[in-house]
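Under the numbering used here, the residues of the sequence shown are numbered 8 to 470, in order. From the three backbone atoms N, C-alpha and C, an ideal C-beta is built for every residue, glycine too. Model, not experiment: these values are computed from the prediction.
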Amino acid sequence: MPKDLMFFCAALILAVLCVCSQAGELTRDGQGLAVIVCPADATVPERNAAKELAAYIEQISGAALPIRETASDTDFNIFVGQTEAVKSLAGDFDWDSLRQDGILIRSGKGYLILAGDRPRGTLYAVYTFLEDHLGVRFWSPDAERVPENKSIRIPDTLDFSYTPPFFSRETYFNLNINNNAWAVKQKSNGHHNRISEDWGGHVTLLGWAHTFGGFISPGEYFESHPEWFSMIDGKRVGDNTQLCLSNDECVEELAEKVLEALRKEDAPSIISVTQNDNPSYCRCDKCNALAEKYGAQSGLILHAVNRVADRVKEEFPGVLVETFAYWYTVDAPQNIKPRDNVIVRLCNIRNNFGTPLRDCLGKKGDPNQQTNLAFYKALEDWSRLTDHLFIWNYVVNFTNYYIIHPNFHCLKPDLQTFRDHHAVAIFEQGDSFNAAPCFNVLKEYLTARLLWDPDIDDDACIR
């Protein structure tokens, strides 16, 4: 939009606002004094955000606020969405700062702005406003707190913008991944949420995890190319195996398979190129030599994945290639770094989850903290190697899902530790099968809140 036209629009909007109802009054005695403005250039998720706002305000006050495309010259105006009208009204705001689902909540005389990064941010701005300013709580899919307040009034000095530290936030619990409407309200946007584009969509990892065997399966390739698979005790093995990542032909075929998968997608963003879920890495002389050169098995992984990422970047420059630092590849390598289009997902499956991770730093002689000390070092090392660090965290007891796993005191400090080490995405693997054990509903709620903002008062949230 030309600057002179933008200034004209801003002046016109402000002129309209100056003659509207008393500043900050949305409803009075159950009667509506505001309109929700969602212009024609709003996206579908922004229109749904406007509908959600209207629905909850009606539940709270009894007033049904109309949704219009243009501002009112008599009523309070609630602008929803990152539209040109909002950009004109908030002309001093740096919209480029609203990365990865960031939100803006701003009020002035006669208006309120609820907007955010596209595609999801405006929905999150509306839900944040409902929570922080109108007292709504989204406890679970079938339990919400919606207070009664016939007269809703807000200050005209609100000016809050926020960008969450993690671009992908997933609580892999039963209720969260099976109730998309609640997941949106919880600001969860991970792979398993399956949220439709109308509600902002979600972050998808093509292939998800342990994809080596999917791209190059022993059933298809072992007979013709046994040299592409792990050598164990001097023999190539096709069962419970990994890929021979020092084999150039194998890595080239892996890259081709990855590109084939990407070509089938409409708008891919991340593809998983990850080791199989077993410890049977290749022990051939070339693989051993590369692992020694890089100081860790993870170096051999990057040696191959970087080559795949280079091929991906040529054809799909916006796509990220995800790989694992998991099991035998947790330790960071030397003399090699991930390419700038590679995400490393660091998994802490061997940790002691009875204490916050950072507590290990004061207990270096404690035998119960040795696994945490080793992981903390890996976290520090990987955070120095890459700006794309993804964490796979475990918040459940895998031995028996019904065994009490009282780790509430670890949730906040661990997420703070991950954030402070520049993690950009989190997968919290919980109990995806049951909702009942060990206060799982509360744990889901709290974990989602902390993924959005690791600095909230978690005790107050629980109370």
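Counterpart residues of residue i in DSSP-defined beta bridges
i    : result
L182 : In DSSP, L182 forms no bridge with anything.
Q436 : Y179, Y401
L327 : I277
A262 : In the DSSP output, where bridge partners are listed per residue, A262 has none listed.
Q282 : None, per the DSSP bridge assignment.
D166 : R113
L250 : F236
R35  : Q38
K540 : In the structure as shown, the chain starts at 8 and stops at 470, and residue 540 therefore has no counterpart that could be examined.
A430 : L396
A332 : L353
A62  : None; A62 has no bridge partner.
Coarse secondary structure for residue i, derived from DSSP in three states
i    : result
S28  : With a pLDDT of only 42 at S28, under the threshold of 50, the placement of this residue in the model should not be trusted; the figure read from the coordinates follows. It is coil, neither helix nor strand.
C289 : coil
Y409 : coil
D460 : coil
V51  : helix
S231 : coil
S114 : strand
N414 : coil
D156 : It should be pointed out that residue 156 corresponds to Asn in this sequence rather than to Asp. In this structure, N156 counts as coil in the three-state DSSP scheme.
D99  : coil
A17  : Bear in mind that a pLDDT of 44 at A17, under 50, signals an unreliable position, so the model cannot answer this.
L453 : helix
L297 : helix
I120 : strand
I74  : strand
A442 : coil
E272 : coil
A216 : coil
Limits of the unbroken beta strand (DSSP E) element including residue i
i    : result
Q341 : That residue, Q341, is in no beta strand (DSSP E); it is neither H nor E in DSSP.
S147 : 144–147
T174 : Note that residue 174 corresponds to Phe in the displayed sequence, not to Thr. Element bounds for F174: n/a, residue is neither H nor E.
I85  : 83–87
A1   : Because the chain spans 8 through 470 in this model, residue 1 falls outside it and cannot be assessed.
A41  : 41–44
Endpoints, the alpha helix (DSSP H) within which residue i is located
i    : result
I469 : 465–469
F136 : 128–141
K320 : 304–322
G221 : 219–222
**Prompt:** How do the segment 50–61 and the segment 194–201 stand: do at least 3 beta-carbon pairs fall below 8 Å, yes or no?
**Reply:** Not touching, per the Cβ criterion.
**Prompt:** Using 8 Å as the threshold, is the segment 80–89 in touch with the segment 143–156, meaning 3 or more CB pairs across them?
**Reply:** Under the Cβ criterion (8 Å, minimum of three pairs), the segment 80–89 does not count as touching the segment 143–156.
**Request:** Could you tell me whether the segment 367–379 touches the segment 389–401, where touching means 3 or more Cβ pairs closer than 8 Å?
**Result:** Verdict: no, contact absent.
**Prompt:** Which runs of the beta strand (DSSP E), 3 residues or longer, sit entirely within the segment 342–388?
**Reply:** The segment 342–388 is shown to contain whole beta strand (DSSP E) runs of 3 or more residues at 349–354, in chain order.
**Asked** Does the pairing of the segment 337–351 with the segment 284–295 give three or more beta-carbon distances under 8 Å?
**Response** These segments do not touch.
**Message:** With three or more beta-carbon pairs closer than 8 Å as the criterion, would you say the segment 252–265 touches the segment 304–321?
**Reply:** A contact exists between the segment 252–265 and the segment 304–321.
**Request:** Would you be able to state if there are at least three C-beta pairs under 8 Å between the segment 160–173 and the segment 103–110?
**Result:** By the Cβ rule, the segment 103–110 counts as touching the segment 160–173, because three or more pairs are nearer than 8 Å.
**Asked** Contact between the segment 64–77 and the segment 158–165: three or more CB pairs below 8 Å?
**Response** The answer is yes - the segment 158–165 touches the segment 64–77, with three or more Cβ pairs under 8 Å.
**Prompt:** Pairing CB atoms from the segment 413–421 with CB atoms from the segment 359–370, are three or more of them under 8 Å?
**Reply:** The segment 413–421 vs the segment 359–370: in contact.
**Message:** Within 8 Å, do at least three Cβ pairs link the segment 440–458 to the segment 402–409?
**Reply:** With the cut-off at 8 Å, the segment 402–409 and the segment 440–458 touch.
**Message:** Taking 8 Å as the cut-off, does the segment 238–253 touch the segment 265–281 (at least 3 CB pairs, one atom from each stretch)?
**Reply:** The segment 238–253 and the segment 265–281 do not touch, with fewer than three beta-carbon pairs separated by less than 8 Å.
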